[in-house]
Every structure is written in C-alpha cells, then in structure tokens.
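Working notes for the structure below.
Right under this line is the structure:
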C-alpha cells in the first residue's frame with residue numbers, strides 16, 4: 123500500500139475516532155501527547171501497514187495507543203495502550 127493511500131485511509135478512520143472520543147464524550151484517561159494508530163474493522167491491507175507504523179512509533183518512546191474500529195456502527199472503539 124502506498125503511503126499516500128495509507129495516509130488517506132488513516133485520516134478517514136481518525137475522523138471517525140475523533141467523533142467517537144469528542145462528540146460521544148468517550149474520552150479515556152490517556153497520557154498527554156498520545157498518538158493513535160487506527161485499525162480498520164475490515165481493511166486487512168491497511169491494518170498490516172498500520173502494524174508496521176505502530177512498530178516504528180514504539181521506537182520513539184512517546185505514548186502510543188492502538189485504536190480498533192468497532193465492528194458495528196453502535197459499537198465502541200477499543201483503545202489499547204501500546205507502551206504505557
């Protein structure tokens with residue numbers, strides 16, 4: 123997957139995550155400056171690319187969380203701390 127396509131898909135997923143966190147008032151207690159790596163409910167190619175992205179971000183020692191898109195529109199995002 124090209125980084126342009128990966129970035130485009132991640133932006134779309136991140137917008138959904140922001141809606142869930144902010145507008146749904148579902149903000150979990152997280153460290154400052156945490157980075158999220160979104161994972162799709164259905165796009166396995168994107169998820170493989172984002173797994174590599176997650177591994178590279180973990181090397182920076184900044185807080186990183188994996189954000190898994192819910193399987194249904196009524197479900198909750200799963201926020202999984204990766205290194206904190």
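Numbering (this note's numbering), first residue to last: 123 to 206. By construction, the Cβ of each residue, glycine as well, lies at the ideal position given by its N, Cα and C atoms. The structure presented is a predicted model; accordingly, all values stated were derived computationally and were not measured.
Reduced DSSP category for residue i - H, G, I as helix; E, B as strand; rest coil
i: residue 187; result: strand
i: residue 164; result: coil
i: residue 156; result: coil
Residues near residue i in its chain [Cβ-Cβ closer than 7 Å; skip 5 each side]
i: residue 109; result: Residue 109 is absent from the model: the chain starts at 123 and stops at 206.
i: residue 155; result: 184 and 185
i: residue 192; result: 163, 198 and 199
Inter-residue spacing [alpha-carbon to alpha-carbon] between residue i and residue j
i: residue 168; j: residue 145; result: 25 Å
i: residue 147; j: residue 125; result: 31 Å
i: residue 201; j: residue 190; result: 7 Å
Selection from the options that minimises the alpha carbon distance to residue i
i: residue 163; options: 197, 175, 126 and 155; result: 197
i: residue 152; options: 185, 123, 178 and 194; result: 185
Residues near residue i in its chain [Cβ-Cβ closer than 6 Å; skip 5 each side]
i: residue 159; result: 172, 175, 176 and 188
i: residue 203; result: 187
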